[in-house]
Amino acid sequence: MSSLTPSFLRRSVRTKLIAAFLGVAALMVALGLTNVGQMNSIHGQVEDLSTRDVQPLADLQQLTDDYQSYSVHGLVAGLSGATGDLATAQLQAGLQVESKAATDASVAAVVENVPDEFRPQAEALRDQWVAMVDTDAAYQAGLRAGAPNAVQLGEIATAAYLDLQQQVGDLADALVADEEASREVIGDSFAEAQLLTMVLLVAGVLLAVGLGWFIARDIRSRIEPVRAAADALARGDLTHTIERTSDDELGQLSGALSLGLARMRGMVSDVIGSAGSMTGLVRELTTATADVVEASRTGVGHAHSVSGTARSVSGNVAQLATGAEEMTASIRDISRSAQQAAAVADDAVRIVASTNDTLNQLGNSSAEIGNVIKVITGIAEQTNLLALNATIEAARAGELGKGFAVVATEVKELAQETAKATEDVSMRIQAIQADSGQAVQAIARIGDTVGQINELQATIAAAVEQQTAAAAEIDRNIGVAAAGSRDIASGAEAVTGSAESSAERIESTRSIADQLAGRAADLESRVAQFVV
Numbered sequence: 131m132s133s134l135t136p137s138f139l140r141r142s143v144r145t146k147l148i149a150a151f152l153g154v155a156a157l158m159v160a161l162g163l164t165n166v167g168q169m170n171s172i173h174g175q176v177e178d179l180s181t182r183d184v185q186p187l188a189d190l191q192q193l194t195d196d197y198q199s200y201s202v203h204g205l206v207a208g209l210s211g212a213t214g215d216l217a218t219a220q221l222q223a224g225l226q227v228e229s230k231a232a233t234d235a236s237v238a239a240v241v242e243n244v245p246d247e248f249r250p251q252a253e254a255l256r257d258q259w260v261a262m263v264d265t266d267a268a269y270q271a272g273l274r275a276g277a278p279n280a281v282q283l284g285e286i287a288t289a290a291y292l293d294l295q296q297q298v299g300d301l302a303d304a305l306v307a308d309e310e311a312s313r314e315v316i317g318d319s320f321a322e323a324q325l326l327t328m329v330l331l332v333a334g335v336l337l338a339v340g341l342g343w344f345i346a347r348d349i350r351s352r353i354e355p356v357r358a359a360a361d362a363l364a365r366g367d368l369t370h371t372i373e374r375t376s377d378d379e380l381g382q383l384s385g386a387l388s389l390g391l392a393r394m395r396g397m398v399s400d401v402i403g404s405a406g407s408m409t410g411l412v413r414e415l416t417t418a419t420a421d422v423v424e425a426s427r428t429g430v431g432h433a434h435s436v437s438g439t440a441r442s443v444s445g446n447v448a449q450l451a452t453g454a455e456e457m458t459a460s461i462r463d464i465s466r467s468a469q470q471a472a473a474v475a476d477d478a479v480r481i482v483a484s485t486n487d488t489l490n491q492l493g494n495s496s497a498e499i500g501n502v503i504k505v506i507t508g509i510a511e512q513t514n515l516l517a518l519n520a521t522i523e524a525a526r527a528g529e530l531g532k533g534f535a536v537v538a539t540e541v542k543e544l545a546q547e548t549a550k551a552t553e554d555v556s557m558r559i560q561a562i563q564a565d566s567g568q569a570v571q572a573i574a575r576i577g578d579t580v581g582q583i584n585e586l587q588a589t590i591a592a593a594v595e596q597q598t599a600a601a602a603e604i605d606r607n608i609g610v611a612a613a614g615s616r617d618i619a620s621g622a623e624a625v626t627g628s629a630e631s632s633a634e635r636i637e638s639t640r641s642i643a644d645q646l647a648g649r650a651a652d653l654e655s656r657v658a659q660f661v662v
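Be aware that the sequence shown starts at 131, since it is given in the numbering used here, and climbs by one per residue.
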């Protein structure tokens, strides 16, 4: 039994319960089969009793009725004959014959049905019946003949009747005694069957209770750790472990629950660590958000300042564009003057007489050109200064001012080239003025110098053409700069709007961070209820 117990314990709960129920059912089947066998045995004994004693007793009772009827009919027939009532005598004699035939049949049935040990007694009874019939016939014949010994024959017949009755009584007593003995045997068999049934029933109950107690103790001993772990889990204690002691459903449940508790313990530990980390991160996020909000407010102020500066630069560039247009107009005048000077040089040979007037006019024109050159030089200096200011503002604007810085640099370079060109023109105008003074004093050499003047006029024309191209380029770049300054102003305003929108969103982010900090603190307090 001890070698089978571990193997049985390793079975599933379903197998254990089925095995227990099958054991009880087998015991109940054995009990039922035993009862059926005992009942069949008792039934057989009752049948034997009926065949052995009851039927012969019934046959004896029938025999008693028949031979008594026979005797009565014979007695009545004899008395009726003695009194001369022949009709009654004949009737009773016929009935006596019938009673004899019935009695013969009853005697034969008794002899046939009695148990073997009682058959000699039954045969003796049959012989006594035959003797009684013979004595009764002799008595009847003596009565009818009026024989003097009729009384003695009657006494002999009566003695034969009493002997037959005695033998019938003795056989009946013997059969009754045998019946009682058989009933005792049947009673003993029934008591044995009842005792065996009770023993098997008690054994079945004890087996059922034992199996139930054994299985219940086994199940309880293995489900108790599961219950304790579940109670601990309900209290938030995740430190319980469940040892798996079997491979049945309860063992699988214990293993699964233990694995689940281990995983839950690890998960809750991770959640606790994550909750603490998240709380710290949320605090850092809240602090960083506050710093960003302050920085965004400062950025909005700077954006407003940049926007104002950009609008100022745009106005300055517009003024620069106006000055450039005026410079272009002056350069056109210079171009026309240079063309006129070239025409005068061509006509110098033919109009020598009017050379003094022309030279005076040329001196005046040179003076005007000097004035224009001064204006151009002032515009170039102002353009250079504006380009420098634009470069500084572009540096302040950061990424948004890079494009404008490139344009400002180009404007600055063009202004420098213009200044150089105007300085060259100024020097040349001074040379023209000097030459014109000398021409007044040396009119005699006018023919020789006309060619030089012509060359100088050609040079002036070329320089004026270069100045015209430079002025056009300056005008174009100033237009680009004006457009860039307007874009910078628009970009600064857009930056201001974006900065304000960013400040509002950052304020919303800080509010959300505050809510997240509350949630993180709540989560940390909740997971702190678990013991891991």
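In this text, a Cβ means the ideal position worked out from N, Cα and C, and glycines have one as well.
Shown here, A277 sits in coil according to DSSP, grouped into three states, outside any helix or strand. Listed in chain order, the alpha helix (DSSP H) elements of length 4 or more contained wholly in the region 242-313 are 249-275.
With a 10 Å radius around the Cβ and a threshold of 16 neighbouring Cβ atoms, Q222 comes out buried. Going by DSSP, D477 is part of no alpha helix (DSSP H) at all; its letter is neither H nor E. About 50 Å separates the CB atoms of L152 and L305; that is not less than 8 Å, and the two are not in contact.
Here A287 has T265, D266, Y269 as same chain residues with Cβ atoms under 6 Å from its own Cβ, once five neighbours each way along the sequence are excluded. I345 and R357 have their C-alpha atoms spaced approximately 18 Å apart. A545 sits close to T513, with the two beta carbons spaced by under 8 Å.
One Cα belongs to Q296, the other to A254, and the distance between them is close to 12 Å.
For T194, the uninterrupted alpha helix (DSSP H) segment begins and ends at 185-212.
G276 and D246 have their C-alpha atoms some 45 Å from each other. The straight-line gap separating the alpha-carbon atoms of V332 and Q192 is approximately 49 Å.
Residue nearest to V541 within the set E529, W259, N519 is N519 (criterion: CA-CA distance).
Between A510 and T548, the CB-CB gap stays under 8 Å. Of T417, Y197, G340, the smallest CA-CA separation from A231 is found for Y197. If you check the CB distance, A212 and L273 come in under 8 Å. D215 sits in coil when the DSSP states are folded into three classes, being neither helix nor strand.
Exclusion of the five residues before and after S229 leaves D196, S199, Y200, H203 as the residues of its chain whose Cβ lies within less than 7 Å of its Cβ.
Considering only G299, G627, A551, L190, the residue with the shortest C-alpha distance to A592 is A551. Listed in chain order, the non-local C-beta contacts of N243 below 6 Å within the same chain comprise Q185, P186, D189, local neighbours out to five positions each way being set aside. Taken through DSSP and simplified to helix, strand or coil, E373 comes out as coil. In this structure L216 is exposed. Its beta-carbon is surrounded by fewer than 16 other beta-carbon atoms within 10 angstroms. Here the C-alpha atom of A392 lies approximately 15 Å from the C-alpha atom of A364. The C-beta of S236 has 16 or more other C-beta atoms within 10 Å across all chains shown, which makes the residue buried.
F248 is a Cβ neighbour of L301, given a cutoff of 8 Å. About 4 Å separates the beta carbons of A290 and M262, which is inside the 8 Å limit, making them a contact pair. Around the beta-carbon of V329, fewer than 16 other beta-carbon atoms lie within 10 Å, marking it exposed.
For I372 against A359, the beta-carbon gap comes to about 5 Å, under 8 Å, which counts as contact.
Minimum Cα-Cα distance from A497 among the listed residues G533, A561, K532 corresponds to A561.
Around the beta carbon of T521, a 10 Å sphere encloses 16 or more other beta carbons of the protein chains shown; the residue is thus reported as buried. A338 sits away from V159, with the two beta carbons spaced by 8 Å or more. With respect to the 8 Å criterion, T194 and V260 are not classified as neighbours on the basis of their beta carbons.
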